[in-house]
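Here's the structure, in structure tokens; my notes come after.
There are 2 protein chains.
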Amino acid sequence: MNWLNVGQQSLGCIVTSMEKINNMTYAPVTDVLSGKLAVDSEVTVRGWIRSRRDSKAGISFLAIYDGSCFDPIQAVVPNNLNNYENEVLKLTTGCSVEVTGTIVESPAKGQDFELAATDVKVVGWVEDADTYPMAKTRHSIEYLREVAHLRPRTNVIGAVARVRNCLSQAIHRFYHEQGYFWMSAPLITASDAEGAGEMFRVSTLDMANLPLTEQGDVDFNEDFFGKETFLTVSGQLNAEAYACALSKVYTFGPTFRAENSNTSRHLAEFWMVEPEVAFADLDDAAKLAEDMLKYVFKAVLEERRDDLEFFAQRINKEAITRLEKFVESDFAQVDYTDAIQILLDSGKEFEFPVEWGIDMSSEHERYLAEEHFNAPVVVKNYPKDIKAFYMRLNDDGKTVAAMDVLAPGIGEIIGGSQREERLELLDKRMIEMGIDPEHMSWYRDLRRYGTVPHAGFGLGFERLVSYVTGMANIRDVIPFPRAPRSANF
Amino acid sequence: MNWLNVGQQSLGCIVTSMEKINNMTYAPVTDVLSGKLAVDSEVTVRGWIRSRRDSKAGISFLAIYDGSCFDPIQAVVPNNLNNYENEVLKLTTGCSVEVTGTIVESPAKGQDFELAATDVKVVGWVEDADTYPMAKTRHSIEYLREVAHLRPRTNVIGAVARVRNCLSQAIHRFYHEQGYFWMSAPLITASDAEGAGEMFRVSTLDMANLPLTEQGDVDFNEDFFGKETFLTVSGQLNAEAYACALSKVYTFGPTFRAENSNTSRHLAEFWMVEPEVAFADLDDAAKLAEDMLKYVFKAVLEERRDDLEFFAQRINKEAITRLEKFVESDFAQVDYTDAIQILLDSGKEFEFPVEWGIDMSSEHERYLAEEHFNAPVVVKNYPKDIKAFYMRLNDDGKTVAAMDVLAPGIGEIIGGSQREERLELLDKRMIEMGIDPEHMSWYRDLRRYGTVPHAGFGLGFERLVSYVTGMANIRDVIPFPRAPRSANF
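The listed protein sequences correspond, in order, to chains H and A. Quick note: the first sequence uses UniProt numbering, first residue 1, plus one each step. Quick note: the second sequence uses UniProt numbering, first residue 1, plus one each step.
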């Protein structure tokens, strides 16, 4: 067999390929609908029936979806095909087909091209159309979560998957163009020093027959790694080691939190993007965050317009406008101390009281971004007592060089900091926070040998997808979500 | 602060950016060495000292490395700088510096440009040059593994990191251009059906105080996910669900094996690339594997020539030539049955005896690729008894539509198959292999509702990096390797 790439481009998410196999020209639906293929040419499309409509004149209209773009293609099937009565008229939603035909301009609204079918080959039937979970009726998003293996066949989850891919490709492209190196941080770790959250234990010990030490404790020396190990909560510390050698790196990988919080904003397993830059300060990190977010939002606006239009129609009417506004905004910047004063002066009644030293809650963050600044805001220089040990102490002795990026419509989307590069101050913070510097000796080495100012941030990838699509529950923007009491598929 | 992108390109790994901050022009070393910046322009480079050499004439030569490319830049420092005696002459390997100067053509061999320094700012000293683990002396690769947080500062591990990034970017680019969607498969899974290997348990149960059922077994109902869960060994089954909705998808994420094998080819945690394609057969998967490998090898040959030249000099003298040969080869294809006959007819004495039905070992695979075909080989249609339950049964009833891609110099680099899309045959295989079809009901659904022929493969990403770099031990091509009794950093 032979693949023939036709009209391959290198721009954006819209690139696809057509294949010529045994003299049959297979084309993704997107190539036909976008007008990439000439009218009157003969192609075969392969996909799944979205719907079938039969006219009184003896013609059937099949909507065929292959996932390559939001829209299905319409195939117009005449009743003189051999299998018209026996097969075509029996097609139901979800059946898989190969339809050959000629590309013609479509007289119908909402599409420029359709297929005048000359052959319909049924590849796979649906066992029982009445009980097929993805039958044409619209389903609740909660129900779809229970059939996560079939839900990518729906409009909404298909669109999420394409947008998710577009965002991930744009992230890699952005960092690559800026001279960053992607690196993988380890998933299994013996370090729980960051204290960013509850962790999952990773073990191969036989739980029915645990080895014990002489003191009667579980003997992790007998475990696979010879010690107690967990799933990582962040790749940052590892990324710092690489930034202190290669200058500009980023991770894009899974991280884990064993928090028993059953909310629409939390997952036990989620993907994080964590850039780390040597010779950079907090302002550099803020600028990088702004550049990155604008870059990926521009990409999705250009490349997945079809899916965004669906989200704007059905999920959140501001799905497109808020992205357009975002990429044109100048980010506001405000010190934490000033932000607290703004909240105090706002005259608003907040559920959680405002005072210097609090960890702002979502209502505070959204007030700042949506009402006060009406733009994305970078809040900087937080009280050291609510932040992690590795953040750089400011000269005031009270605050650290931390930042959060707050976006209108979602609140915090990025959290970052300049890292403490001064060994004495790092040690002091660790001891204050009950971390034994000895346990962090490798991390301390980065400060002992050619230390440099460096900074970075973390972006929760699912929060980003949620923001772009308007999907309210984060479980709907990752293919197979993991949450308390939920690890199916 | 303000970042000014100069001469940004969109091609390959060589793109970087120059920043102008407070009227200081910061440039990555690669931009200076590649001639991207004009001779006589003033720039500041930031990085770490590789070496210092002082001439009798009162000039010092600093080699400054920032990770942006293989080579450091040479800064020529005159002795009339204020801090020449007190600082410059005390610089040792690993110190971090900012050096400002004028770009001049270099009279020295091996570099086209160097920096005539006008200012040397020491950012971070090395605590004790004599005990600095990365001091100039060459270290054994085994020793470097013990200082994985510092080893990216070496020539060899820095080069590995850049090649690893280049390969990963090329993989994403290849699939994106071909119309594939990246998807994330879940890492934590309750399914151990594939049987691809030993698994790590993931749990939040208190091991010192395990909850028990009335029967005295560990009560996983009390665990985080309400059942026993593990780290995934493959994202394939999940990818199939998405391919059966969106046609072309791929995963690129971590997978895990709890096998207690302390070899140079195994990791407990490694990254896999797993494309999955609907309406595709085994030959399509083989073609996709060939196209992908050639694409990424071309990318690394074009974009990381500097690092490859180092590998060819120091690690494996065929590092470049075998990639060049690979991208120009026509892949050979051979049926497993014929391959066995070739081995039997070879007259060679193999350590492991050859007969139909064996799982070929590395010596067999390498004989085929290196001696018999002298080209990459796709071996197809393996005996069903040595392959997984999901592989499509061939008409002979004895073999399945499985393939391995064997590369000269490494052996198996890709394993894939056409998947069994026929429900009755899938059920039969599961029962034969002791898998309860009930436990796989979601996977069976893909065959009950609009089933399609589909195929895919898995590429171990570290095996790929190992092949390209010539690094013999897979622990040296991932930043922080995980292996039995080894989970440091």
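By construction, the Cβ of each residue, glycine as well, lies at the ideal position given by its N, Cα and C atoms.
Would a check of beta-carbon distances place A:Thr25 closer than 8 angstroms to chain H? No, A:Thr25 lies away from the interface with chain H (no Cβ there is under 8 angstroms from its Cβ).
Measure from the alpha carbon of H:Gly460 to the alpha carbon of each residue in H:Ile431, H:Ala190, H:Glu412 and H:Gly397, then state which is nearest. Closest by alpha carbon: H:Glu412.
Using a Cβ cut-off of 7 angstroms, pull out every chain D residue sitting near A:Ser486, in sequence order please. Of the protein chains in this structure, namely H and A, none is chain D.
For the beta strand (DSSP E) holding A:Lys109, just list the boundary residues, first then last. Neither: A:Lys109 is in no beta strand (DSSP E) and is coded neither H nor E.
Every unbroken beta strand (DSSP E) within the stretch 419-459 of chain A, with a cutoff of 3 residues, ordered by chain: Qualifying beta strand (DSSP E) stretches: none in this window.
I need the straight-line Cα distance from A:Asp291 to A:Arg322, nearest angstrom please. In this structure, the CA atom of A:Asp291 is about 17 angstroms from the CA atom of A:Arg322.
Applying a beta-carbon distance threshold of less than 9 angstroms, which residues of chain H neighbour A:Thr204? In chain order, Glu198, Met199, Phe200, Arg201, Ala258 and Asn260 make up the part of chain H whose C-beta sits under 9 angstroms from the C-beta of A:Thr204.
Can you list the residues of chain H that A:Ala289 reaches, using a CB-CB cut of under 7 angstroms? Under the 7 angstroms cutoff, chain H gives no residues; its nearest Cβ is about 12 angstroms from A:Ala289.
Using a C-beta to C-beta distance shorter than 9 angstroms, which residues of chain H count as neighbours of A:Pro28? The answer, in chain order, is Gly179, Ser247 and Lys248.
Within 8 angstroms of any Cβ in chain A, is that where the Cβ of H:Pro376 sits? With 8 angstroms as the cut-off, H:Pro376 does not count as an interface residue toward chain A.
Is A:Gly158 helix, strand or coil when you go by DSSP? Look at A:Gly158 here: in three-state DSSP terms it is helix.
Suppose you measure from the CA of H:Val284 to the CA of H:Phe457; what does that come to, to the nearest Å? Before going further, note that residue 284 of chain H is Asp rather than Val in the sequence given. Per the coordinates, the alpha-carbon of H:Asp284 lies some 11 angstroms from the alpha-carbon of H:Phe457.
According to DSSP, A:Ala483 sits in a beta bridge with which residue or residues? Its beta-bridge partners are A:Ser486.
Supposed contact pair H:Gly94 and H:Ile49 - C-beta distance, whole angstroms, cut 8 angstroms: 6 angstroms between Cβ atoms; contact.
Would you check if there are 3 or more beta carbon pairs closer than 8 angstroms linking the stretch 269-286 of chain H to the stretch 412-427 of chain H? Enough Cβ pairs lie closer than 8 angstroms, so yes.
What in chain H is Cβ-close to A:Gly253, meaning under 8 angstroms? For the C-beta of A:Gly253, the chain H residues within less than 8 angstroms are, from N- to C-terminus, Gly253 and Pro254.
Once DSSP output is grouped into helix, strand and coil, what is the label at H:Met471? Secondary structure at H:Met471: coil, using DSSP grouped into helix, strand and coil.
Which residues in chain A sit within 7 angstroms of H:Trp48, going by Cβ to Cβ distance? Chain A residues near H:Trp48: Gly450.
Using a Cβ-Cβ distance cut-off of 8 angstroms, determine whether H:Ser96 contacts chain A. At a cut-off of 8 angstroms between beta-carbon atoms, H:Ser96 makes contact with chain A.
Cβ contact check for the stretch 206-225 of chain H and the stretch 206-214 of chain A: 3 or more pairs under 8 angstroms: These segments touch.
Please classify A:Asp217: does DSSP put it in a helix, a strand, or coil? Coil.
Identify the residues that DSSP records as bridge partners of A:Trp125: which are they? The partner list for A:Trp125 (beta bridge, DSSP) is empty, contrary to what the question assumes.
On a CA-only basis, which of A:Ile59, A:Ile64, A:Tyr65 and A:Pro72 is nearest A:Asn83? Give me that one, please. Of the listed residues, the one whose Cα sits closest to A:Asn83 is A:Ile59.
Just to confirm the assignment: which complete alpha helix (DSSP H) runs, minimum length 4, are found wholly within the stretch 25-89 of chain H? Taken in chain order, the whole alpha helix (DSSP H) runs of length 4 or more contained in the stretch 25-89 of chain H are 29-33.
So, at 8 angstroms on beta carbons, what are the nonlocal neighbours of H:Arg482 in its own chain, with the 5 sequence-adjacent residues on each side left out? Leu267, Ala268 and Glu269.
What are the partner residues of H:Val377, as DSSP defines its beta bridges? In DSSP, H:Val377 forms a bridge with H:Ala332 and H:Leu406.
What do you get for A:Gln178, buried or exposed, if any count of 16 or more other CB atoms within 10 angstroms of its CB means buried? Result: buried.
How big is the Cα-Cα spacing for H:Ser362 and H:Arg305? Approximately 29 angstroms, taken between the alpha carbons.
Select from the stretch 133-164 of chain A all residues with a C-beta closer than 9 angstroms to any C-beta belonging to chain H, and list them in chain order. Those would be Pro133, Met134, Val147, Ala148, His149, Leu150, Arg151, Pro152, Arg153, Thr154, Ile157, Gly158, Ala161, Arg162 and Arg164, in chain order.
Cα separation between A:Phe310 and H:Val249? Roughly 22 angstroms between the two C-alpha positions.
Leaving out five residues on either side along the sequence, give the residues of the same chain with a beta carbon under 6 angstroms from the beta carbon of H:Arg164. Taking H:Arg164 as the centre and dropping the five residues before and after it, the same chain places the C-beta of Val465 closer than 6 angstroms to its C-beta, in chain order.
What are the residues that DSSP puts in a beta bridge with A:Tyr250? A:Tyr250 pairs with A:Trp182 and A:Pro275.
At a threshold of 7 angstroms, does H:Met433 count as lining the ligand ADP (C-beta to nearest heavy atom)? The ligand ADP is not part of the structure shown, which contains no ligands of any sort.
Bridge partner(s) assigned by DSSP for H:Arg201: According to DSSP, which records beta bridges pairwise, H:Arg201 is partnered with H:Phe230 and A:Ser203.
Measuring only the C-alpha atoms, how far is H:Val202 from A:Ile103? Taking the straight line joining both Cα atoms gives about 52 angstroms.
DSSP beta-bridge partners of H:Phe256: Paired residue(s): H:Glu269.
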